[in-house]
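Numbering (the working numbering), first residue to last: 90 to 361.
Structure (structure tokens):
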């Protein structure tokens, strides 16, 4: 099994998607933070809170929000392309001649995908924290930071990595189920922007709080999952529905269902 894990890890790290997609997201995240800092009216009253409040005990949830929002698409796309590219090119047939036990193979892919993407997500979180600290230090607002604060940040980084690992396994399982990486990724993007973030959130808010993306982002950031109370076309307010720990359990459930369904479909499917 170890040889299989090493071989799959090398395959994943050799893919340009694994290296360049997180780098692109990091650049976009950094650009957004820097623009917010230098373009938004930069006086004491209007500067973004995550900068001015560092000395006042800013919570790690506020700092890691940008990473938590990018995490689902990064984890899903990398994991989906990891299995989907080999399906499209027929490479999976060649791999199965070396490792014919399909469940063992797909389990190794899920494990390697989870570990690798957790590392990438944690790196994004560290980059974000370093950037915010540097910008805050430039204004002299880091003097109040405590050991407890940095401990909370470390826990948040680890939780972000775990959320990314779970969501990557979710994405790989869904792609193995539909057996098409393009369809899986395009479907995910449509689902994310149109279904979960708009239609379901607006018209079925009590359902939306149990969907995978909302709970993945909540668990990663440490923020409560919220639902819309009222009409999105009129007056409404956001109500806390459940904690980030409950969100983590919901994410585990979604991951388990997708992983089992994808593994069974891959095991039973004819490879030709």
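For every residue, glycine included, the Cβ atom is placed at its ideal position computed from N, Cα and C.
All of these numbers come straight from a predicted model, not from anything done at the bench.
| Going by C-alpha distance, which of 265, 238 and 241 is nearest residue 357? | 265
| query | With a CB to CB cut of under 6 Å and the five nearest residues on each side skipped, what residues in its chain are close to residue 157? | reply | 306, 309 and 310
| field | Helix, strand or coil at residue 238 according to DSSP, with G and I counted as helix | value | helix
| field | For residue 283 and residue 276, the rounded distance between their alpha carbons | value | 10 Å
| request: Just tell me which of 181, 107, 152 and 95 has its CA closest to the CA of residue 119. | output: Selected option, being the one with the closest Cα: 152.
| request: Could you please give the first and the last residue of the uninterrupted alpha helix (DSSP H) stretch that includes residue 283? | output: It is not in any alpha helix (DSSP H) - residue 283 carries neither H nor E in the DSSP assignment.
| Whole-angstrom distance between residue 258 and residue 116, CA atom to CA atom | 25 Å
| field | residue 154 versus 326, 121 and 204, residue with shortest Cα-Cα distance | value | 121
| query | Would a C-beta distance cut-off of 8 Å place residue 317 and residue 291 closer than the cut-off? | reply | yes
| said: To the nearest angstrom, how far is the alpha carbon of residue 172 from that of residue 281? | reply: 21 Å
| query | Is the stretch 194-206 touching the stretch 217-225, taking contact as three or more C-beta pairs under 8 Å? | reply | no
| task | Could you check the C-alpha separation between residue 286 and residue 296 for me, to the nearest Å? | result | 12 Å
| field | Beta-bridge pairing of residue 314 - partner residues as DSSP gives them | value | 331
| request: Note down, in chain order, each residue of its chain lying with its Cβ closer than 7 Å to the Cβ of residue 261, except the 5 sequence neighbours on either side. | output: 168, 169, 171, 172, 198, 199, 202 and 351
| task | Determine the DSSP secondary structure at residue 144, reduced to helix, strand or coil. | result | Because residue 144 carries a pLDDT of 46, less than 50, the predicted location of this residue cannot be relied on, and the following value inherits that uncertainty. Here residue 144 sits in helix by DSSP.
| query | Within 10 angstroms of its Cβ, does residue 334 collect 16 or more other Cβ (buried), or is it exposed? | reply | exposed
| For residue 175, which residues of its own chain have a beta-carbon under 6 Å away from its beta-carbon, when the five flanking residues on both sides are left out? | 181
| Going straight from the alpha carbon of residue 104 to that of residue 339, what length do you get? | 30 Å
| message | In whole angstroms, give me the CA-to-CA distance for residue 189 and residue 183. | response | 10 Å
| query | Based on the DSSP secondary-structure assignment, which residues constitute the bridge partners of residue 326? | reply | 318
| request: Find the nearest neighbour of residue 107 within the set 205, 244, 256 and 273, judged by alpha-carbon distance. | output: Of the listed residues, the one whose Cα sits closest to residue 107 is 205.
| task | Might you give, ordered along the chain, the residues of its own chain that have their beta carbon closer than 7 Å to the beta carbon of residue 97, omitting 5 neighbours on each side? | result | Same-chain partners within the cutoff: 197, 198 and 201.
| query | Out of curiosity, what's the CA-to-CA distance linking residue 345 and residue 355? | reply | 15 Å
| When 91, 125 and 166 are compared against residue 110, the one with the closest alpha-carbon | 166
| said: Between 326, 125, 191 and 208, which has its C-alpha nearest residue 102's C-alpha? | reply: Answer by Cα proximity: 208.
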